[in-house]
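Notes for the one structure printed next.
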Amino acid sequence: MTKSIFLTLSGRTNAGKSTLLNALIGEKIASVSSKPQTTRTRITGILTQDETQYVFIDTPGLHQGKTRLSAHMMKTAETSAADADVVLYVIDCTKKLHEQDEQMLKSIAQRKIQCIIVVNKVDLLDDKSKMMPVLLKLENTYHPYAIIPVSASEKDGLDEIMRVASELAQPSVHFFPDDKFTDQPERVLAAEMIREKLLRLLNDEVPHGVAVTVDKLSERDDKDLLDISAVIYCERDSHKGIIIGKNGSMLKKIASSARRELEHFFEIQVNLQCFVKVKEDWRNKEGLIRSFGLNDDI
15 MTKSIFLTLS GRTNAGKSTL LNALIGEKIA SVSSKPQTTR TRITGILTQD
65 ETQYVFIDTP GLHQGKTRLS AHMMKTAETS AADADVVLYV IDCTKKLHEQ
115 DEQMLKSIAQ RKIQCIIVVN KVDLLDDKSK MMPVLLKLEN TYHPYAIIPV
165 SASEKDGLDE IMRVASELAQ PSVHFFPDDK FTDQPERVLA AEMIREKLLR
215 LLNDEVPHGV AVTVDKLSER DDKDLLDISA VIYCERDSHK GIIIGKNGSM
265 LKKIASSARR ELEHFFEIQV NLQCFVKVKE DWRNKEGLIR SFGLNDDI
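Encoded structure:
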């Protein structure tokens with residue numbers, strides 16, 4: 015008899031949800047950077063082990079934003095948690111529990127949604143015994159199904175997450191082919207890989223105002239070569255100048271870094287062309303948010 019379980023990854027921005035998703039799936043399907051608000055939409059990762067299919071849904075981090083895009087991101091995070099079979103609530107153990115953490119955990123408990131609290135980044139603690147008061151407070155206040163300390167970056171503690179998740183899986187058909195690891199289209203995956211390089215290489219004031227779309231992704235008939243054409247959208251002419259850099263140096267650096275990752279992912283030589291366009295204040299324009307696939311129609 016086959017089983018399945020849908021688990022929504024929820025938590026504050028920069029708690030390490032995307033790193034955890036990639037580690038659990040064993041494939042890089044979510045962008046990871048030190049910048050907050052890296053994840054903007056729902057990202058589904060799929061792992062099938064024997065008779066059980068685990069469907070992990072990464073969501074935007076909880077934050078206090080001021081744009082319409084932030085409002086969409088928050089709605090996606092809250093709706094995804096409410097609809098989940100199980101919530102994997104990820105907490106950064108190096109930071110104090112935030113008011114938004116407390117509100118979301120309280121809401122999950124009131125809705126009687128099964129919750130596994132994942133206490134992440136334990137590798138950064140010199141004295142792990144200092145976690146005990148925090149773990150006891152979480153247990154006594156929110157009564158989760160389990161509390162699991164992990165290091166997503168070191169892939170430590172993941173087996174325990176899978177063991178507990180397997181306990182909660184229910185008899186069901188598999189909703190995705192057993193060899194599939196995400197439902198993200200290839201163009202979306204490619205765009206996210208390019209955006210991640212922008213997040214990592216650009217100044218702090220630029221990344222939040224950047225979106226990437228892939229207009230072309232096709233393999234040539236006469237050779238093993240994948241042509242990818244991407245457009246990088248930013249909000250200001252000054253940002254366009256930063257992205258391109260002097261004599262195109264920054265754009266070349268971004269494209270070169272992205273191309274290497276794309277070739278590793280698609281296992282084929284890639285010809286990547288990147289263009290930069292300005293769409294002023296696009297994060298507050300519903301039409302552009304929708305055209306970039308960042309609305310919360312889920």
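My numbering numbers the first residue of the sequence shown as 15 and each following residue consecutively.
In this text, a Cβ means the ideal position worked out from N, Cα and C, and glycines have one as well.
Bear in mind the structure is a predicted one, so any value in this text is a computation, not a measurement.
Nearest-angstrom Cα separation, counted from residue j out to residue i
i      : j      : result
Gly255 : Ile60  : 39 Å
Ile282 : Pro163 : 38 Å
Gly307 : Val228 : 12 Å
Gln117 : Val133 : 17 Å
Val148 : Ala37  : 25 Å
Glu294 : Glu249 : 4 Å
Val187 : Lys260 : 55 Å
Val178 : Arg56  : 23 Å
Cys129 : Leu35  : 16 Å
Lys169 : Leu216 : 28 Å
Lys237 : Thr196 : 27 Å
Lys42  : Leu302 : 27 Å
Phe20  : Ile122 : 15 Å
His77  : Leu119 : Summary for His77: the model assigns pLDDT 49, below 50, so the residue's position carries little reliability, and this model does not support an answer.
Asp141 : Ala269 : 41 Å
Pro158 : Leu240 : 47 Å
Ser18  : Glu181 : 11 Å
Thr58  : Leu152 : 27 Å
Ser24  : Val104 : 6 Å
Met145 : Arg234 : 54 Å
Ser271 : His278 : 11 Å
Glu300 : Leu150 : 43 Å
Leu139 : Met176 : 23 Å
Tyr274 : Gly40  : First, the amino acid is wrong: residue 274 is Arg here, not Tyr. Distance between the alpha carbons of Arg274 and Gly40 is about 19 Å.
His222 : Phe280 : 27 Å
Leu111 : Arg304 : 33 Å
Gly262 : Glu174 : 47 Å
Gln198 : Cys288 : 21 Å
Ile202 : Ser143 : Note that residue 202 is Val in the sequence shown, not Ile. Rounded to whole angstroms, Val202 to Ser143 spans 42 Å at the Cα level.
Span of the alpha helix (DSSP H), counted from its first residue to its last, around residue i
i      : result
Phe20  : No alpha helix (DSSP H) contains Phe20, which is instead part of the beta strand (DSSP E) from 17-25.
Pro147 : 146-156
Asn36  : 31-39
Asp115 : 113-124
Ile131 : Note, Ile131: premise wrong, no alpha helix (DSSP H); beta strand (DSSP E) at 128-134.
Ile257 : 251-258
Ile303 : 300-305
Cβ-based neighbour list, residue i, same chain, cut-off 7 Å, excluding 5 preceding and 5 following
i      : result
Lys135 : Gly30, Asp106, Cys107, Thr108, Ser165
Leu276 : Ala204, Met207, Ile242, Val284, Leu286
Glu200 : Leu231
Ile258 : Met264, Leu265, Val290
Gly171 : Ile162, Pro163, Val164, Ser165
Lys267 : Leu215
Lys194 : Ile60
Integer-rounded CB distance, given that residue j should sit under 8 Å from residue i
i      : j      : result
Phe189 : Val100 : Not quite, the Cβ-Cβ distance comes to about 15 Å (not below 8 Å), so this is no contact.
Ala183 : Thr66  : 5 Å
Leu102 : Thr155 : That belief does not hold up - the Cβ atoms of Leu102 and Thr155 are roughly 18 Å apart, past 8 Å.
Ala98  : Ile127 : 6 Å
For residue i, the first and last residue of its enclosing beta strand (DSSP E)
i      : result
Glu233 : 225-233
Phe289 : 283-292
Thr66  : 66-72
Ser243 : 239-248
Leu276 : It is not in any beta strand (DSSP E) - Leu276 instead sits in the alpha helix (DSSP H) that spans 263-280.
Gly59  : 57-63
Ile105 : 100-106
Cutoff 8 Å: residue i Cβ touching any chain B Cβ
i      : result
Lys254 : Of the protein chains in the structure, only one exists, and it is not chain B.
6 Å CB neighbourhood of residue i in its chain, flanking five on each side removed
i      : result
Val224 : Leu212, Cys248
Thr62  : Asp192
Pro50  : Residue placement at Pro50 is flagged as unreliable, the pLDDT there being 48, under the threshold of 50; a coordinate-derived value is accordingly withheld.
Val220 : His253, Ile256
Asp137 : Ser165, Glu168
Proximal residues to residue i (C-beta, below 8 Å), its chain only, five neighbours per side dropped
i      : result
Val292 : Tyr247, Cys248, Glu249, Arg250, Asp251, His253, Lys254
Val226 : Ala205, Glu206, Ile208, Arg209, Leu212, Ala244, Val245, Ile246, Tyr247
Thr16  : Glu65, Thr66, Gln67, Pro185, Ser186, Val187, His188
(message) Quick check for students: name the residue ranges of the alpha helix (DSSP H) that lie wholly in the region 163-223, counting only runs of 4 or more.
(response) 172-182, 200-215
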